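>
2 protein chains.
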Amino acid sequence: MTAKTFREPLSRERVLATAVRLVDAEGIKALTMRRLAAELGVEAMSLYFYVAGKEELLDGVISTVLDEIVKTSDQADWRAHLRQQFLAARQVMLRHPWAPGLLTTRRTIPGGVYAYFDRIVGTLVDAGFSYHLAHRAIHAFGSMPFGFAQEVFSPAAAGGSLEPDDAEADLAAMAAALPNLTAMVAHEMHGAADPTLGWCDSQVEFEFTLDLLLDGLERYRVASTSDSIAG
Amino acid sequence: MTAKTFREPLSRERVLATAVRLVDAEGIKALTMRRLAAELGVEAMSLYFYVAGKEELLDGVISTVLDEIVKTSDQADWRAHLRQQFLAARQVMLRHPWAPGLLTTRRTIPGGVYAYFDRIVGTLVDAGFSYHLAHRAIHAFGSMPFGFAQEVFSPAAAGGSLEPDDAEADLAAMAAALPNLTAMVAHEMHGAADPTLGWCDSQVEFEFTLDLLLDGLERYRVASTSDSIAG
DNA sequence: CACCCCACCTTACGTTGTAAGGCCAGACCT
DNA sequence: AGGTCTGGCCTTACAACGTAAGGTGGGGTG
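Protein chains in written order, with the UniProt record's numbering: chain W, 1 to 231; chain D, 1 to 231.
(1) Could you name each continuous alpha helix (DSSP H) segment of 4 residues or more that falls completely within the region 45-105 of chain W, going from the start of the chain to the end?
(2) Decide if ARG136 of chain W is buried, meaning its Cβ has at least 16 other Cβ atoms within 10 Å, or exposed.
(3) Which of the three DSSP states is assigned to PRO179 of chain D in this structure?
(4) By how many angstroms is the C-alpha of GLN85 of chain W removed from the C-alpha of GLY122 of chain W?
(5) Spatial neighbours of TYR220 of chain W within its chain, please: C-beta separation below 7 angstroms, excluding the five flanking residues on both sides.
(6) Give the straight-line distance between the Cα atoms of ALA63 of chain D and PRO9 of chain W, rounded to the nearest whole angstrom.
(7) Which residues in the same chain as ASP166 of chain W place their Cβ atom closer than 7 angstroms to its Cβ, once the five residues preceding and following it in sequence are excluded?
(8) Could you tell me whether the region 138-154 of chain D touches the region 91-98 of chain D, using the rule of 3 or more Cβ pairs below 8 angstroms?
(9) Strictly below 8 angstroms CB to CB, what residues from chain W border PRO128 of chain D?
(10) Taking the alpha-carbon positions, what's the ALA88 of chain W to ALA17 of chain W distance?
(11) Report, in whole angstroms, the separation of the C-beta atoms of VAL125 of chain W and TYR116 of chain W, which I expect to be a contact under 8 angstroms.
(12) Closer than 8 angstroms, CB to CB, is ASP215 of chain D near chain W or not?
(13) In angstroms, rounded to a whole number, what distance separates the CA positions of LEU47 of chain W and VAL15 of chain W?
(14) Of the choices D:ALA76, D:TYR114, D:GLY112 and D:LEU58, whose alpha-carbon is the least far from that of LEU103 of chain D?
(15) Would you kindly work out how many angstroms separate the C-alpha atoms of LYS71 of chain W and GLY142 of chain W, rounded to a whole number?
(16) With a CB to CB cut of under 7 angstroms and the five nearest residues on each side skipped, what residues in its chain are close to PHE206 of chain W?
(17) Name, please, each residue of chain D whose Cβ falls closer than 7 angstroms to the Cβ of TYR131 of chain W.
(18) With distances taken Cα to Cα, identify the nearest neighbour of LEU82 of chain W among W:GLU39, W:ASP118 and W:THR182.
(19) Look at the alpha carbon of LEU98 of chain D and the alpha carbon of GLU68 of chain D, and state the distance between them as a whole number of angstroms.
(20) Using a Cβ-Cβ distance under 8 angstroms, would HIS81 of chain D count as near chain W?
(21) Suppose you measure from the CA of GLU188 of chain D to the CA of LEU178 of chain D; what does that come to, to the nearest Å?
(22) Taking the alpha helix (DSSP H) that residue 240 of chain W falls in, what are its first and last residues?
(23) Identify the contact partners of TYR116 of chain D in chain W, using a Cβ-Cβ distance below 9 angstroms as the criterion.
(24) Please state if the CB of GLY101 of chain W and the CB of THR105 of chain D are separated by a distance shorter than 8 angstroms.
(25) Can you give me the start and stop residues for the alpha helix (DSSP H) that ASP201 of chain D sits inside?
(26) Taking only beta-carbon atoms, is ALA140 of chain D less than 8 angstroms away from chain W?
(27) Can the beta-carbon of LEU22 of chain D be found less than 8 angstroms from the beta-carbon of LEU31 of chain D?
(28) Would a check of beta-carbon distances place LEU178 of chain W closer than 8 angstroms to chain D?
(29) Which class does PHE146 of chain W belong to by DSSP, given the choice of helix, strand or coil?
(30) Are there 16 or more other CB atoms within 10 angstroms of the CB of VAL204 of chain W, so buried, or fewer, so exposed?
(31) Whole angstroms are fine: how far does the CA of ILE138 of chain W sit from the CA of MET174 of chain D?
(32) With burial defined as no fewer than 16 other Cβ atoms inside 10 Å of the residue's Cβ, what is the status of GLY112 of chain D: buried or exposed?
(33) In whole angstroms, what separates the C-alpha of ARG35 of chain D from that of GLU13 of chain D?
(34) Relative to the C-alpha of ASP215 of chain D, which candidate in D:VAL51, D:TRP78 and D:GLY60 has its C-alpha closest?
(35) Am I right that ALA140 of chain W and LEU210 of chain W are in contact with their C-beta atoms under 8 angstroms? What's the rounded C-beta distance?
Rendered as structure tokens:
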């Protein structure tokens, strides 16, 4: 009877969850107050009862996404632990490719992030890091705790689609203008096993950079602890 | 005579330069077509003669900023060379704190960036890097060639101002909830020589991360060259 | 003198976020 | 039962945005 007129009552969680689904499906540009309201079978102004405004909506959206990173690693070694943690975060970001771009443009740090970093610092200190080195490590990690690296060469994930365009049209001209880059691409494409992955496997790159940082930090950690023993 | 009515004719360069100055002064939000036109003593639609639209304007703005990175290092050692290069880029980004955020949200790579990266790859290959390792290095650098690291903890540079707020109000509660983070802050603040710099000197952090990456890559380079000799 | 076209302007439309206030069903009190 | 309150949603309205369409005027060229 009431099937036509009945409507699931709104809630902050429902608004934010719907917003995430909307952005997943149609991109960040599609997230307007009116569009989101329509998605919920409601008028735009009704959202303001649960969200202070557009800015707070966006904050809530990234908080919702970050809350998906719940994986608590079972690894004992600090390197393996953080590695597993950051890779889990990366899986979340792959589900929401727009999230990194949104996160970096937000000027308020969403709630829960501090607790997240507190656990990371705890892991480092427990492993023998000084607070000073832990601080450095946090900075060095950059956005990797959130599961993404600054991929300047493929910002297409932020919204639009990457078109190959007339890439092969003037390949000769490109080779002349950019000799090193074209040589590199040629070398890397050659050994590519799976062409569907493209010549640029981000997963491998992500792990390489991550290990580079972890190994480098481990070296500092060992050096500092042996210092304190020797000196 | 014509001082009242005379007006410097528009040009793409003048439009973009004025846009950069406007964003420097009033933030990215202030960059609207009408506002920029007013800044040039002109109507909004006149800009479309020199810029296809808002998106192309933004692309042009970051291109203009990136063009400021012209410093060609005189260092012979690849590490010192790239270090000097990236630190010079950082100076540019410090002049335009909004640029990193804008760059990462753009979905088209601005012209000139490829040439820039081509030179970096050339530097690496000349230093004995394989194309494979050079590729890895490019990814590992992330946004550092552009002079900035992903600073998740201070996205305030993107627009708003960071207010200390009631940070000291419930410090005890924070210490309980975030024991590791508060301990780290306490330790780091203790040795701070210049309190005006804050306890978190980004310059030092930037260089630390940069050296971490450069040293790590150097290790890979040496390992690969000794491999090719030994094997 | 007629013409044209470059560079700029006028007008107008659709869309955005959101301020201000209305409306109505159910809860609650008397 | 009737009056009042109020939480939850809607209506209306406005300023600002990007930009499509077309006008205009003056200097250069035929």
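Backbone N, C-alpha and C fix where the C-beta goes; we use that ideal spot for every residue, glycine too. Just so it is clear, the structure is predicted and the values come from calculations on it, not from any experiment.
Considering the structure as presented:
(1) Listed in chain order, the complete alpha helix (DSSP H) runs (minimum 4 residues) inside the region 45-105 of chain W are 54-66, 78-95 and 99-105.
(2) As a first step, residue 136 of chain W must be located in the first sequence, where it is residue number 136. Buried is the call here.
(3) The count along the second sequence starts at 1 and reaches residue 179 of chain D at position 179. In this structure, PRO179 of chain D counts as helix in the three-state DSSP scheme.
(4) By one-based count along the first sequence, residue 122 of chain W stands at place 122. By one-based count along the first sequence, residue 85 of chain W stands at place 85. CA-CA distance, GLY122 of chain W to GLN85 of chain W, rounds to 14 angstroms.
(5) Translated into the one-based positions of the first sequence, residue 220 of chain W becomes position 220. Answer for TYR220 of chain W: LEU133, listed in chain order.
(6) Mapped onto the second sequence, residue 63 of chain D falls at position 63. Mapped onto the first sequence, residue 9 of chain W falls at position 9. Looking at the sequence shown, residue 63 of chain D is not Ala but Ser. The C-alpha of SER63 of chain D lies about 48 angstroms from the C-alpha of PRO9 of chain W.
(7) As a working note, residue 166 of chain W is residue 166 in the first sequence. At ASP166 of chain W the pLDDT is 43, less than 50, meaning the model places this residue with poor confidence; the figure from the coordinates comes in the next sentence. By the criterion of a C-beta distance shorter than 7 angstroms, ASP166 of chain W is surrounded by no residue of its chain, once the five residues flanking it on both sides are discounted.
(8) When C-beta atoms of the region 138-154 of chain D are compared with those of the region 91-98 of chain D, three or more pairs fall below 8 angstroms, so the two segments count as touching.
(9) By 1-based counting over the second sequence, the position of residue 128 of chain D is 128. At residue 128 of chain D the sequence reads Gly, which differs from the Pro that was named. The premise fails here: GLY128 of chain D is roughly 14 angstroms from chain W at the closest Cβ pair, so nothing lies under 8 angstroms.
(10) Numbered from its first residue, the first sequence carries residue 88 of chain W at position 88. Numbered from its first residue, the first sequence carries residue 17 of chain W at position 17. Approximately 20 angstroms, taken between the alpha carbons.
(11) Indexing the first sequence from 1 puts residue 125 of chain W at position 125. Indexing the first sequence from 1 puts residue 116 of chain W at position 116. Actually they are not in contact, since the Cβ atoms of VAL125 of chain W and TYR116 of chain W sit about 15 angstroms apart, beyond 8 angstroms.
(12) As a working mapping, residue 215 of chain D is identified with position 215 in the second sequence. Yes, ASP215 of chain D counts as interfacial toward chain W.
(13) Position 47 of the first sequence holds residue 47 of chain W. Position 15 of the first sequence holds residue 15 of chain W. If you draw a straight line from the Cα of LEU47 of chain W to the Cα of VAL15 of chain W, it comes to about 8 angstroms.
(14) To locate residue 103 of chain D, count along the second sequence from 1; it is residue 103. LEU103 of chain D has its Cα closest to that of D:LEU58, out of D:ALA76, D:TYR114, D:GLY112 and D:LEU58.
(15) As a first step, residue 71 of chain W is located in the first sequence; it is residue number 71 there, counting from the start. As a first step, residue 142 of chain W is located in the first sequence; it is residue number 142 there, counting from the start. Rounded to the nearest angstrom, the gap between the Cα atoms of LYS71 of chain W and GLY142 of chain W is 19 angstroms.
(16) Taking the first sequence and counting its residues from 1, the one referred to as residue 206 of chain W is at position 206. Excluding residues within five positions, the ones whose Cβ falls inside 7 angstroms are ARG90 and ALA149.
(17) Here residue 131 of chain W corresponds to residue number 131 of the first sequence, with the count starting at 1. What TYR131 of chain W touches in chain D: ALA183, MET184, HIS187 and GLU188.
(18) As a first step, residue 82 of chain W is located in the first sequence; it is residue number 82 there, counting from the start. Out of W:GLU39, W:ASP118 and W:THR182, W:ASP118 has the C-alpha closest to the C-alpha of LEU82 of chain W.
(19) Here residue 98 of chain D is taken as the residue at index 98 of the second sequence, counted from 1. Here residue 68 of chain D is taken as the residue at index 68 of the second sequence, counted from 1. First, the amino acid is wrong: residue 98 of chain D is Trp here, not Leu. Between TRP98 of chain D and GLU68 of chain D, the C-alpha separation is close to 15 angstroms.
(20) Position 81 of the second sequence holds residue 81 of chain D. No, HIS81 of chain D does not count as interfacial toward chain W.
(21) Looking up residue 188 of chain D in the second sequence gives position 188. Looking up residue 178 of chain D in the second sequence gives position 178. Approximately 16 angstroms, taken between the alpha carbons.
(22) With chain W covering only 1 through 231, there is no way to say anything about residue 240 of chain W.
(23) Here the question's residue 116 of chain D lines up with position 116 in the second sequence. By Cβ distance, chain W contributes nothing, its closest Cβ being about 10 angstroms from TYR116 of chain D, past 9 angstroms.
(24) Within the second sequence, the letter at position 105 stands for residue 105 of chain D. Within the first sequence, the letter at position 101 stands for residue 101 of chain W. With contacts defined by Cβ atoms closer than 8 angstroms, THR105 of chain D and GLY101 of chain W form a contacting pair.
(25) By one-based count along the second sequence, residue 201 of chain D stands at place 201. Premise fails: ASP201 of chain D is in no alpha helix (DSSP H) and is neither H nor E.
(26) Locating residue 140 of chain D in the second sequence gives position 140, where the first residue counts as 1. True, the Cβ-Cβ gap to chain W drops below 8 angstroms.
(27) By 1-based counting over the second sequence, the position of residue 22 of chain D is 22. By 1-based counting over the second sequence, the position of residue 31 of chain D is 31. Cβ atoms of LEU22 of chain D and LEU31 of chain D: closer than 8 angstroms.
(28) Residue numbering aside, residue 178 of chain W sits at position 178 when the first sequence is read from its first letter. At a cut-off of 8 angstroms between beta-carbon atoms, LEU178 of chain W makes contact with chain D.
(29) Along the first sequence, one-based indexing puts residue 146 of chain W at 146. Here DSSP, grouped into helix, strand and coil, assigns PHE146 of chain W to helix.
(30) On the first sequence, residue 204 of chain W is found 204 positions in, with the first residue counted as 1. Exposed is the call here.
(31) One-based indexing of the second sequence puts residue 174 of chain D at position 174. One-based indexing of the first sequence puts residue 138 of chain W at position 138. A straight line joining the alpha-carbon of MET174 of chain D with that of ILE138 of chain W spans about 19 angstroms.
(32) Taking the first residue of the second sequence as 1, we reach residue 112 of chain D at position 112. Counting Cβ neighbours within 10 Å, GLY112 of chain D comes out exposed, since fewer than 16 surround it.
(33) The residue you call residue 35 of chain D lines up with position 35 of the second sequence. The residue you call residue 13 of chain D lines up with position 13 of the second sequence. One C-alpha to the other measures close to 17 angstroms.
(34) Taking the first residue of the second sequence as position 1, residue 215 of chain D is located at position 215. Considering only D:VAL51, D:TRP78 and D:GLY60, the residue with the shortest C-alpha distance to ASP215 of chain D is D:TRP78.
(35) By one-based count along the first sequence, residue 140 of chain W stands at place 140. By one-based count along the first sequence, residue 210 of chain W stands at place 210. With 8 angstroms as the limit, ALA140 of chain W and LEU210 of chain W do not qualify as a contact, their Cβ atoms being about 11 angstroms apart.
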